[in-house]
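Below is one structure, written out as structure tokens, with a few remarks after it.
2 protein chains.
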Amino acid sequence: MSKGQLIVYSGPSGVGKGTLMYPYLQEHPEAVLSISMTTRQPRPGETDGVEYYFVSHEEFEKQIIQDGLLEYARYSGNYYGTPRKMVEERIQQGQDVVLEIEVQGAMKIKQSYPDAVFIFVLPPSFSVLEARLRGRGTESEEVIAARLAAAKRELGTAALYDYIIVNDDLEQARKRLEAVIAAAKCQTKYMKDFIDEVTK
Amino acid sequence: MSKGQLIVYSGPSGVGKGTLMYPYLQEHPEAVLSISMTTRQPRPGETDGVEYYFVSHEEFEKQIIQDGLLEYARYSGNYYGTPRKMVEERIQQGQDVVLEIEVQGAMKIKQSYPDAVFIFVLPPSFSVLEARLRGRGTESEEVIAARLAAAKRELGTAALYDYIIVNDDLEQARKRLEAVIAAAKCQTKYMKDFIDEVTK
Chain A
68 MSKGQLIVYS
78 GPSGVGKGTL
88 MYPYLQEHPE
98 AVLSISMTTR
108 QPRPGETDGV
118 EYYFVSHEEF
128 EKQIIQDGLL
138 EYARYSGNYY
148 GTPRKMVEER
158 IQQGQDVVLE
168 IEVQGAMKIK
178 QSYPDAVFIF
188 VLPPSFSVLE
198 ARLRGRGTES
208 EEVIAARLAA
218 AKRELGTAAL
228 YDYIIVNDDL
238 EQARKRLEAV
248 IAAAKCQTKY
258 MKDFIDEVTK
Chain B
68 MSKGQLIVYS
78 GPSGVGKGTL
88 MYPYLQEHPE
98 AVLSISMTTR
108 QPRPGETDGV
118 EYYFVSHEEF
128 EKQIIQDGLL
138 EYARYSGNYY
148 GTPRKMVEER
158 IQQGQDVVLE
168 IEVQGAMKIK
178 QSYPDAVFIF
188 VLPPSFSVLE
198 ARLRGRGTES
208 EEVIAARLAA
218 AKRELGTAAL
228 YDYIIVNDDL
238 EQARKRLEAV
248 IAAAKCQTKY
258 MKDFIDEVTK
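Chains as they are written, first to last, in my numbering: chain A, 68 to 267; chain B, 68 to 267.
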């Protein structure tokens with residue numbers, strides 16, 4: 068059985084990452100979404116082991132010390148991280164694992180998993196992203212301004228990824244995502260063992 | 068209009084390169100096969116400008132001197148090469164151009180066109196390739212032995228390419244080829260202008 072593929076998946080808030088990825092996951096039962104670990108409190112409706120693994124600060128720091136996390140970061144006083152064991156086990160079992168994480172985490176993964184495929188979702192233009200962020204209509208102008216500034220910073224890191232999916236037309240973008248994940252498995256670096264086998 | 072993609076396509080004799088690529092070309096009118104230039108005599112049924120551009124030694128050497136060829140090589144006393152002008156014009160016009168060439172030519176292209184996508188077709192095993200080469204049943208054992216030795220050398224160069232298509236199951240291999248060409252257009256290095264535009 069061949070190893071699974073680690074898929075690192077990023078993009079600014081509002082760009083449509085979930086809308087693109089969820090149908091892919093439904094059509095590809097061999098691919099699973101990684102569940103992050105966090106010390107923040109569950110929000111109403113959130114379940115431990117579904118949206119996140121909710122753990123205490125002590126438990127999280129124990130994981131850090133034991134090298135149990137592929138990457139982690141601290142935001143607003145809470146930790147967020149990717150449990151190493153779940154990811155590595157599934158990849159060994161031949162499953163693809165999708166990590167939807169922000170750029171700093173992605174770049175840490177790049178150091179330990181250079182064979183992962185790094186995908187960044189871009190809007191067709193910045194004004195489209197701005198409209199999407201405003202369109203939710205639930206936040207103050209201050210919150211929106213902060214989000215737009217964050218989105219601008221995030222967009223600037225797109226060039227660090229292997230592939231860019233432009234979310235202009237949803238159907239086209241889904242096809243591109245599908246193609247990129249399939250093609251990642253044809254990359255020469257993944258095929259090294261097979262090449263050795265055929266050419267020996 | 069966006070630039071086309073240069074697709075460099077190689078693999079040993081008998082691996083099924085044409086069987087894989089021709090349906091792709093039929094379904095993708097935006098992609099065209101490059102026509103090589105050669106000094107060898109046309110065989111019965113071959114037409115100038117279809118299988119090859121048939122030219123004299125003098126004309127070919129004029130093209131070499133004028134830097135009119137992306138790559139060229141000499142086999143059995145005849146020149147074979149890729150005319151630069153046709154390839155560059157079509158790419159500028161937004162067409163994809165497929166170069167079906169052997170590995171030495173491909174590596175020359177890599178120097179001048181690092182953004183091209185380099186695809187190598189592998190058999191599922193060496194014995195399958197051997198059976199395919201023998202299966203034609205029209206050549207002497209000597210010719211077959213020479214072909215197998217050449218195939219072995221060619222297979223050893225697969226690792227120099229970006230993507231490997233294993234031609235095990237024809238339908239699966241066609242899907243992989245389709246995915247690889249689509250994904251090549253999502254590679255960050257092709258999207259640089261777009262990234263600059265969105266993040267400016």
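Idealized CB from N, CA, C, for every residue including glycine. From a predicted model like this one, the values you see are computed outputs, not experimental measurements.
The region 133 to 144 of chain A and the region 159 to 174 of chain A touch, with three or more beta-carbon pairs separated by less than 8 Å. Around the beta carbon of residue 256/B, fewer than 16 other beta carbons lie within 10 angstroms, which makes this residue exposed.
The straight-line gap separating the alpha-carbon atoms of residue 168/A and residue 72/A is approximately 16 Å. From the beta-carbon of residue 233/A, the residues of chain B found nearer than 9 Å are 253, 258, 261, 265.
When Cβ-Cβ separations below 8 Å define contact, residue 229/A makes contact with chain B.
Here DSSP, grouped into helix, strand and coil, assigns residue 224/A to coil. Where residue 104/A is concerned, the enclosing beta strand (DSSP E) starts and stops at 103 to 105. Annotated three-state conformation of residue 76/B is strand, per DSSP. The bridge partners DSSP lists for residue 167/B are 76/B. Chain-order list of chain A residues neighbouring residue 127/B: empty, with the shortest C-beta distance near 33 Å, by a criterion of under 9 Å.
If the five residues before and after residue 243/A are omitted, its C-beta is found closer than 7 Å to the C-beta atoms of 232, all from its own chain and listed in chain order. For residue 101/B against residue 164/B, the beta-carbon gap comes to about 5 Å, under 8 Å, which counts as contact.
Exposed is the label assigned to residue 237/B, since fewer than 16 other Cβ atoms lie within 10 Å of its Cβ. Residue-level contact check: residue 121/A does not touch chain B, since none of the beta carbons of chain B fall below 8 Å from its beta carbon. Note that the C-beta distance between residue 187/B and residue 228/B is below 8 Å.
In terms of beta-carbon proximity, residue 77/B stays away from the interface with chain A, with every pair separated by 8 Å or more. Of all C-beta pairs linking the region 77 to 88 of chain B to the region 212 to 223 of chain B, three or more are shorter than 8 Å, placing the two stretches in contact. Residue 160/A sits exposed, since fewer than 16 C-beta atoms from the chains shown fall within 10 Å of its C-beta. Looking at the DSSP output, residue 141/A sits in a beta bridge with 146/A. Taking the Cα of residue 266/B as reference, the smallest distance to any Cα among 94/A, 226/A, 248/A is reached at 226/A. Residues 233, 234, 235 of the same chain have their beta carbon placed closer than 8 Å to that of residue 191/A, with the five preceding and five following residues left out of the count.
Against residue 190/A, the close residues of chain B are 265, in the order they occur along the chain (beta-carbon pairs closer than 9 Å). Look at residue 250/B: its C-beta is under 8 Å from a C-beta on chain A. Annotation: residue 98/B is outside any alpha helix (DSSP H); the continuous beta strand (DSSP E) that includes it extends over 98 to 100. Judged by DSSP in its simplified three-state form, residue 254/A adopts strand. When DSSP reads this structure, residue 120/A sits in a beta bridge with 104/A. Residue 177/B and residue 183/B have their alpha carbons spaced roughly 7 Å apart. For residue 188/B, the uninterrupted beta strand (DSSP E) segment begins and ends at 184 to 189.
The beta carbon of residue 107/A sits no closer than 8 Å to any beta carbon of chain B. Taking a contact to require three or more Cβ pairs closer than 8 Å, the region 96 to 115 of chain B and the region 137 to 157 of chain B qualify as touching.
Near chain A, meaning a CB-to-CB distance below 8 Å, no residue of the region 143 to 170 of chain B qualifies.
Residue range 84 to 94 is occupied by the alpha helix (DSSP H) that includes residue 91/B, with no beta strand (DSSP E) assigned at that position.
Annotation: residue 94/A to residue 260/A spans about 28 Å, alpha carbon to alpha carbon. Interface criterion met: the Cβ of residue 247/A is under 8 Å from a Cβ in chain B. Taking the Cα positions, residue 208/B is about 11 Å away from residue 200/B.
Contact between residue 246/B and residue 240/A is absent: CB atoms are separated by about 15 Å, not below the 8 Å threshold.
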